[in-house]
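Visitor: So the sequence shown is residues 270 to 469, counted in the working numbering. Glycine included, every Cβ here is placed at the ideal spot set by N, Cα and C.
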Amino acid sequence: MDQSLTELAEAVFTDTDAALRFALRFASQQHSSSELAGLRGPSRSGKGLSGMDGAAQAGMVRAELAKLTLTQRALLIGRYALPDIICTCGRPCCCGHRPNPEWSEAISQLARETTLLFAGRLTYFRLRQTLIGNLLLGLRVTDRSLAAEFGVHRQTVAEHGAKLEAAILGTRHQAGDFDRALGRIDLLLHEAGIVRSEIQ
Numbered sequence: 270m271d272q273s274l275t276e277l278a279e280a281v282f283t284d285t286d287a288a289l290r291f292a293l294r295f296a297s298q299q300h301s302s303s304e305l306a307g308l309r310g311p312s313r314s315g316k317g318l319s320g321m322d323g324a325a326q327a328g329m330v331r332a333e334l335a336k337l338t339l340t341q342r343a344l345l346i347g348r349y350a351l352p353d354i355i356c357t358c359g360r361p362c363c364c365g366h367r368p369n370p371e372w373s374e375a376i377s378q379l380a381r382e383t384t385l386l387f388a389g390r391l392t393y394f395r396l397r398q399t400l401i402g403n404l405l406l407g408l409r410v411t412d413r414s415l416a417a418e419f420g421v422h423r424q425t426v427a428e429h430g431a432k433l434e435a436a437i438l439g440t441r442h443q444a445g446d447f448d449r450a451l452g453r454i455d456l457l458l459h460e461a462g463i464v465r466s467e468i469q
């Protein structure tokens with residue numbers, strides 16, 4: 270038992286982005302081991318990335334994520350997890366995918382927490398959800414199209430977007446909440462030996 274855990278610990282990821290992407294997508298992408306294999310370096314133990322070995326690797330990363338605050342975890346899930354996962358229910362209405370509950374809850378958590386940014390002003394929860402999801406996924410959607418979708422003025426969308434971007438992604442002069450969360454998990458994963466250090 271101890272020996273296998275040691276072997277798994279030695280099969281470290283090449284960087285924090287790869288570790289997070291692998292761990293937060295593992296359960297929904299076991300069918301695509303070739304894509305997952307590209308997210309980390311070669312395994313020193315010689316084991317693959319599917320089955321119990323892959324689950325253990327993902328579990329090790331998630332154990333470090335559990336040490337973060339709820340907000341920090343939500344930010345990282347929003348960036349690295351898939352917003353949609355494959356659905357194979359076979360029903361006539363099935364389009365082949367469905368919302369990922371973990372990602373959706375993370376975005377909702379962040380939308381609830383950002384209410385205070387708009388204290389004393391009218392704000393829209395669903396608009397905040399969409400803007401936060403787009404920010405973390407790096408999606409660009411015009412203010413005009415979002416205004417039409419949510420039935421609000423373009424200026425409202427622009428103001429919401431600017432406030433959320435400054436808080437989450439930061440500004441030229443100040444780091445955002447996402448960068449702080451990423452810095453914290455990067456330190457934890459390196460300390461745990463899960464992510465390979467630059468200097469061997």
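1) Look at the alpha carbon of residue 357 and the alpha carbon of residue 364, and state the distance between them as a whole number of angstroms.
2) Going by C-alpha distance, which of 374, 351, 379 is nearest residue 366?
3) Taking contact to mean 3 or more Cβ pairs, one atom from each stretch, closer than 8 Å, check whether the segment 458-466 and the segment 438-449 are in contact.
4) Could you round the C-beta distance between residue 242 and residue 379 to whole angstroms and report it? I think they count as a contact, below 8 Å.
5) Compute the Euclidean distance between the alpha carbons of residue 412 and residue 290, then round it to the nearest angstrom.
6) Could you give the uninterrupted runs of the alpha helix (DSSP H) lying entirely in the segment 397-429, keeping only those of 4 residues or more?
7) Have a look at 387, 414, 417 and flag the residue whose alpha-carbon is nearest the alpha-carbon of residue 428.
8) Determine the burial state of residue 287: buried for a count of at least 16 other Cβ atoms within 10 Å of its Cβ, exposed for fewer.
9) How far does the beta strand (DSSP E) with residue 368 in it reach, from first residue to last?
10) Just list the residues that DSSP pairs residue 296 with in beta bridges.
11) Within its chain, find whatever has a CB closer than 6 Å to the CB of residue 437; leave out the 5 residues flanking it on each side and keep chain order.
12) Check whether the Cβ atoms of residue 495 and residue 295 sit closer than 9 Å, and answer yes or no.
13) Report buried or exposed for residue 426, applying the criterion of at least 16 other Cβ atoms within 10 angstroms of its Cβ.
Guide: So, from the data block:
1) 9 Å
2) 351
3) no
4) It is not possible to answer for residue 242, since the shown part of the chain is limited to 270 through 469.
5) 29 Å
6) 412-419
7) 387
8) buried
9) 366-368
10) Residue 296 pairs with nothing; no bridge assigned.
11) 404, 445, 446, 447
12) A query on residue 495 cannot be resolved here, the shown segment of the chain reaching from 270 to 469 and no further.
13) buried
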